[in-house]
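Residue numbers (the numbering used here): 10 to 464.
Note that CB positions come from ideal geometry on N, CA and C, so glycine has one too.
Let me begin by presenting the structure, written as C-alpha cells, before commenting on it.
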RNA sequence: GUGGUCAUAGCUCAGUUGGUUAGAGCGUCGGAUUGUGGUUCCGAAGGUCGCGGGUUCGAGCCCCGUUUUCCACCCCA
C-alpha cells in the first residue's frame, strides 16, 4: 500500500475550511458585484506562447509547463536530445502551461472576445493560479486570486473605485489594513532625473528593499549595478522622503521638477488621493515610493494592501497597465486592476480568529430511525422540509441509536427527529433539541414551525 | 535557484549513552446502556519509525544519499 500524498505547496480543504473560504469568496464577490463587475472564467491551462515573456525571466521559470500528450519526443530532432538545453527542450516537448495569474489570461480574453465586449469592460475572476515557487509562509504553489479589472478607460475614477472596493472588502472582513500607493511614472521620473533611465528596474528593486536592509545597503546595491556616485547622491532626498502624503508630494515635486513623466505621476497620485479624501475612504492610504512591484507591465498607479495585525506578505496588489493587450495585437487599451489573495486573507482570518458563526451551510435537522419502514416514512417528511428550504438529512440506514445520535452530535446538527413504530402510528416524530436535550412528540406543522422560528 | 530545518499510529507528540516485545493523549471501533448524543468507565484495532544505502554483534537513535515539511533569501498573492 502506498502512502497517500499531495504535491508540495498544495492543500486539501475540509468542510470547515471550505465554509470559511466561501465566506471570503462570497464577501469579495458581493462587493465586486456592488460596483457592476461581471464574472468570467478562463481555462486552467493556456498556450505557453500566451504566458511566456509576460512575467520577466523569473516568471518564465516559475511557470508550470504541461508535457505534450502522446509521443512528446517526436518534435525533438534525431540525436539532439542530449545536446539541447533544458529551455530549448521544453519548447519542443511542451506547448501548454498552467496560468500564473489572472491578468494575462484576461488580456488574452479581451482581445479574443472583443466583439462580445463593450468598453469600459469591468470583469471579475476568481480562480486558482499556479506557480512553481518554493512554498513557505503565505506562499503556495496553487492558490486563488480574486481579480477585478477595468479595461478600456483611463479615467482615474477607476483607480478610485478599486480603492473603494478594497476599503469595503476589508471593512466587511474586519481586517485592519493599510493601502500603499505609488506610481510607476514617478519611478520613471526618478530614473530620468538622475540620468539612468534604463536602470529603472534595478533602482526600483533596490528601493523596494529599503525597510528590509536599510539605506546604506540599498546604496551599495545601486552602486553595484553600475550607477554613478552623482546619480546616487541625487537619489538620497527621494529615499529619505518623510511626512504626510501631501508633504511627500511637495518634496517630490521639487525634486522631479525637470521630469515631465515624473510630474505626470505626481499629478495622478494627487488626484487619486484627493478623490479618496472626498469619498472619505476609511482605509489609511500611504504614498510609498519603495513600492515597486515586480511585474513589469504596470505603467501608472501601483497598489498594495498589507494587513496591520499579521506578519504576512501583501494580501492584495495591483496597478494600471497601459498596453497589456498590445502584445496580443490590440493597441491602445488601458486597464487597471487589483487582485485579492484569498489564501493569504484566509491565513490572516485564521490567525486573528475573525470568522463569523457560519451556520448557513449546516444541516438543521437529522432524521433518526429504527428500521427500513421508518426510513421510508422519514423520506416524505424530509422532502417537504427541503422544499421549504430547511437543510435536512436522513440517516441512510437503521443503525444503532447511539451511532446515529453521535453523527448528529459530531456534525453539530441542532435538531434530531426520532422515528420508531410509536411515532409512525401517531403520524408524528419525536423532535429532540440537541442543545437542551429536551424532546417532544410533534406533528409536521409543529416541526416546521419550530425549525422556522429558530432561524 | 541558494541556505537552514523537520519526518515515529488517522492526528498531536514521547522514546534515556545505540540494547529484549516502540509508548501516550486525541480520534476510530466494540461494550457498560438491544429507543437517545455531547460526560464517565472498560476493552480492541491501528506502526516497513519517510525512502535507499552504510557503520555495528545490535540502529527509531550514528553516517551518507534522496524525498517531504516548515522557514529565510530571490521573487511574489
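- For residue 130, name the three-state secondary structure that DSSP assigns. strand
- Task: Apply the 10 Å Cβ neighbour rule to residue 464 and answer buried if 16 or more other Cβ atoms are within range, or exposed otherwise.
- Result: Here the model assigns residue 464 a pLDDT of 48, short of 50, so the residue's position is not dependable, and the following value carries that caveat. With fewer than 16 Cβ atoms within 10 Å of its Cβ, residue 464 is classed as exposed.
- Task: Report buried or exposed for residue 156, applying the criterion of at least 16 other Cβ atoms within 10 angstroms of its Cβ.
- Result: buried
- Query: Between 13, 328 and 364, which lies nearest to residue 172 when the distance is taken from Cα to Cα?
  - Reply: With distances taken between CA atoms, residue 172 lies nearest to 328 out of 13, 328 and 364.
- Task: Taking 7 Å as the cut-off, decide whether the C-beta atoms of residue 228 and residue 241 are in contact.
- Result: yes
- Hey, could you find the ends of the alpha helix (DSSP H) residue 337 is sitting in? Residue 337 -> no alpha helix (DSSP H), and no H or E assigned at all.
- Item | Contacts around residue 422, its chain only, beta-carbon distance under 6 Å, and the 5 residues preceding and following it disregarded | Within the same chain, 372 and 375 come within 6 Å of residue 422 by CB-CB distance, once the 5 residues on both sides are set aside.
- Between residue 439 and residue 450, what straight-line distance do the alpha-carbon atoms span, to the nearest angstrom? As the crow flies, the alpha-carbon of residue 439 is around 4 Å from that of residue 450.
- Neighbourhood of residue 138 by C-beta distance below 8 Å, restricted to the same chain and skipping five residues each side: 107, 108, 109, 110, 111, 151, 152, 153 and 154.
- Status (buried if at least 16 other CB within 10 Å, exposed otherwise) for residue 357: buried
- Query: Within 10 angstroms of its Cβ, does residue 466 collect 16 or more other Cβ (buried), or is it exposed?
  - Reply: In this structure the chain extends from 10 to 464, so residue 466 is not present and cannot be described.
- Taking the Cβ atom as the reference point for each residue, do residue 102 and residue 77 lie within a distance shorter than 7 Å? It is a contact, given that the beta carbons lie within the stated cut-off.
- Quick one: is residue 274 buried, meaning 16 or more other Cβ sit within 10 Å of its Cβ, or exposed? buried
- Item | In DSSP terms, what residue 310 is bridged to | 192
- List the endpoints of the continuous alpha helix (DSSP H) containing residue 395. 381-396
- According to DSSP, is residue 247 helix, strand or coil? The three-state reading of DSSP puts residue 247 in helix, counting H, G and I together.
- Going by the CB atoms, is the gap between residue 201 and residue 95 shorter than 7 Å? no
- Message: In chain order, what are the residue ranges of uninterrupted alpha helix (DSSP H) at least 4 long that sit wholly in the segment 13-46?
- Response: 24-43
- Query: When DSSP labels each residue in this structure, what does residue 349 get in the three-state scheme?
  - Reply: strand
- Query: For residue 324 versus residue 354, is the C-beta distance shorter than 7 Å?
  - Reply: yes
- Give every residue of the same chain whose Cβ lies closer than 7 Å to the Cβ of residue 116, excluding the five residues on either side of it in the sequence, and list them in chain order. 333, 334 and 337
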